[in-house]
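Undergrad: Protein chains in written order, with my numbering: chain P, 1 to 183; chain G, 1001 to 1134.
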Amino acid sequence: MAGPPLTILVHGGAGAMEKGRYTPEEEAAYKAKLTEALEAGYAVLERGGSALDAVETAIVILEDSPLFNAGKGAVFTRDGRNELDASIMDGATLNAGAVAGVTRVRNPIRLARAVMEKSAHVMFAREGAEKFAEEQGLELVSPAYFRTEARWKAYRDALEKEKKGKEGKPDKGAAADADYKYG
Amino acid sequence: TVGAVALDAEGNLAAGTSTGGMSMKRYGRVGDSPIIGAGTFADNRSCAVSSTGHGEYFIRLAIARDVCAQVEYAGKSVAEAARDVIHGRLQGLGGDGGVIVLGKDGGYTMEFNSKGMFRGVKQAGGPAQTAIYD
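If you want it as structure tokens, here you go:
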């Protein structure tokens, strides 16, 4: 008797993306990357791999893409840094792992999984999380790896908008990052 | 933010979420993505959830856990539970965002109350499908 169908879903964030905001080429690029993540994750399932492996595989592809606010292409903090968070959970065991505020781990989802599987804890943060990543042999990168020009411009625009607002001259025309409000 | 949920041949569910967080966030701000039960949750008895949105609201409402609890305790479908949580509880508090949810039987939903959500699904026997807008 057949079991439930092999299935994978992905998302790349929610926000104020209205129709017309993206060119047809940009829409195609987003959809192509989502499809790549779906196909890669599904291939893991088809080979008999675990749901955990499928989730990690799909998310790594999205983290490595500059299109999304995760990994490369992450938005900037007010201090001009990229700080990354991630978590993963295994429905079979209720084991879970999470990391917060890392700046040098190329794929935070892999670190979250390492926390789940190779520590007695659920969440590591900041320097401690990065030390654990080092100990686990995960790939570390320069913080500059995560920067993209589009995100940097959005950050600079937001700073400028804030500065003008403080001077009592709110700049209504300043470009705001579409992800300003969203995770 | 990006995320994924999956159901394998053994009937096991998993969920994951990864993010750069909120743009212009202040020192030490942590959103819902690394908070188990807020941004991410998976339980073979109910469903797997990955979230995206205004994290502070997802933390206060334990969004991901709430969806699975409604499925487990109240016997709702994943679509019913996600609709209640996103369009009822989250919207009622003034928050916005969305979830992807996958049930233990393969039922799934992608629910959001923002203007769009980058999303996609591939299920046995069907092609990969993606969408951006409502």
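Here a beta-carbon is modelled for each residue, glycine too, at the ideal position from N, C-alpha and C.
Between which two residues does the beta strand (DSSP E) carrying E1084 (chain G) extend?
TA: Sequence check: residue 1084 (chain G) is Asp here, not Glu. From DSSP, D1084 (chain G) is part of no beta strand (DSSP E); its letter is neither H nor E.
Undergrad: My output table needs one value for T1109 (chain G): the three-state DSSP class, helix, strand or coil.
TA: Strand.
Undergrad: Alpha carbon to alpha carbon, what distance is there between I1063 (chain G) and K166 (chain P)?
TA: Straight-line Cα distance between these residues: approximately 35 Å.
Undergrad: S142 (chain P) touches chain G at which residues, Cβ-Cβ below 9 Å?
TA: Those within 9 Å of S142 (chain P) in chain G number zero; the least Cβ separation is about 16 Å.
Undergrad: For Q1123 (chain G), count neighbouring Cβ atoms within 10 angstroms of its own Cβ and tell me buried if that reaches 16, exposed if not.
TA: By the neighbour-count rule (16 or more Cβ atoms within 10 Å), Q1123 (chain G) is buried.
Undergrad: Which residues in chain G sit within 7 Å of G3 (chain P), going by Cβ to Cβ distance?
TA: By Cβ distance, chain G contributes A1009 and G1011.
Undergrad: Of all the CB atoms in chain A, is at least one closer than 7 Å to the CB of V1005 (chain G)?
TA: Of the protein chains in the structure, P and G, none is chain A.
Undergrad: Which residue or residues does DSSP assign as beta-bridge partners of M123 (chain P)?
TA: For M123 (chain P), which the question treats as bridged, DSSP gives the partners P:A98.
Undergrad: List the whole-angstrom C-beta distance separating G91 (chain P) from A1042 (chain G), where the pair is believed to meet the contact cut-off of C-beta under 8 Å.
TA: The Cβ separation is near 4 Å, so the contact holds.
Undergrad: Look at the alpha carbon of N1012 (chain G) and the alpha carbon of G1103 (chain G), and state the distance between them as a whole number of angstroms.
TA: Whole-angstrom Cα-Cα distance: 10 Å.
Undergrad: Check this for me: beta carbons of V1030 (chain G) and F68 (chain P), under 7 Å apart or not?
TA: No, Cβ-Cβ distance for V1030 (chain G) and F68 (chain P) is not below 7 Å.
Undergrad: Tell me, please, whether the CB atom of P1034 (chain G) is closer than 7 Å to any CB atom in chain P?
TA: Chain P, which has a Cβ nearer than 7 Å to the Cβ of P1034 (chain G), makes this yes.
Undergrad: Which residue comes first and which comes last in the beta strand (DSSP E) that contains Y1133 (chain G)?
TA: Segment Q1129 to Y1133, the beta strand (DSSP E) holding Y1133 (chain G).
Undergrad: Could you pull out every residue in the same chain whose Cβ sits closer than 8 Å to the Cβ of L1090 (chain G), ignoring the five residues on either side in sequence?
TA: G1053, Y1057, F1058, L1061, I1063, D1096, G1097 and N1113.
Undergrad: What does a CB cutoff of less than 6 Å around S1046 (chain G) pick up in its chain, not counting 5 residues either side in sequence?
TA: Taken in chain order, the residues that qualify are C1068, V1071 and E1072.
Undergrad: Please classify L62 (chain P) as buried or exposed, where buried requires at least 16 other C-beta atoms within 10 Å of its C-beta.
TA: Buried: at least 16 other Cβ atoms inside 10 Å.
Undergrad: S1091 (chain G) by DSSP, collapsed to three states: which one?
TA: Correcting the residue identity first, residue 1091 (chain G) is Gln in this sequence and not Ser. The answer is helix: DSSP assigns Q1091 (chain G) an H, G or I state.
Undergrad: Looking at C-alpha atoms only, which residue of P:V141, P:G101, P:R156 and P:A120 is the closest neighbour of A129 (chain P)?
TA: Per the Cα distances, P:G101.
Undergrad: Which residues, in chain order, does the stretch 37-49 of chain P contribute to contact with chain G at a C-beta distance below 9 Å?
TA: Answer in chain order: A37, L38, E39, G41, Y42, V44, L45, E46, G48 and G49.
Undergrad: So, using beta-carbon positions, are D1008 (chain G) and A58 (chain P) closer together than 7 Å?
TA: In this structure, A58 (chain P) does not lie closer than 7 Å to D1008 (chain G) by Cβ.
Undergrad: Pick from G:A1048, G:G1016 and G:F1118: whose alpha carbon is nearest that of E27 (chain P)?
TA: Ranking G:A1048, G:G1016 and G:F1118 by Cα distance to E27 (chain P) puts G:F1118 first.
Undergrad: Give me the Cβ distance between S87 (chain P) and G73 (chain P), rounded to the nearest whole Å; I'm assuming they're in contact under 8 Å.
TA: With 8 Å as the limit, S87 (chain P) and G73 (chain P) do not qualify as a contact, their Cβ atoms being about 19 Å apart.
Undergrad: Would you call Y1027 (chain G) buried or exposed, if buried means 16 or more other Cβ atoms sit within 10 Å of its Cβ?
TA: Exposed: under 16 other Cβ atoms inside 10 Å.
Undergrad: Starting from D90 (chain P), follow the beta strand (DSSP E) in both directions and report where the run begins and ends.
TA: That run of the beta strand (DSSP E) goes L84 to D90.
Undergrad: Answer with buried or exposed for S142 (chain P), where buried requires no fewer than 16 other C-beta atoms within 10 angstroms of its C-beta.
TA: Under this definition S142 (chain P) is an exposed residue.
Undergrad: Assign R1026 (chain G) to one of three DSSP states: helix, strand, or coil.
TA: In the structure shown, R1026 (chain G) sits in coil (DSSP, three-state: anything other than H, G, I, E or B).
Undergrad: So which residues of chain G does R156 (chain P) contact, with C-beta pairs closer than 9 Å?
TA: Residues of chain G passing the Cβ test: none, with the nearest at roughly 11 Å.
Undergrad: Quick check on the burial criterion: 16 or more other C-beta atoms within 10 angstroms. Buried or exposed for E18 (chain P)?
TA: The residue is exposed, with fewer than 16 neighbouring Cβ atoms inside 10 Å.
Undergrad: Does L1102 (chain G) get closer than 7 Å to chain P when you measure Cβ to Cβ?
TA: Interface residue, yes.
Undergrad: With DSSP as the reference, label Q1123 (chain G) as helix, strand or coil.
TA: The answer is strand: DSSP assigns Q1123 (chain G) an E or B state.
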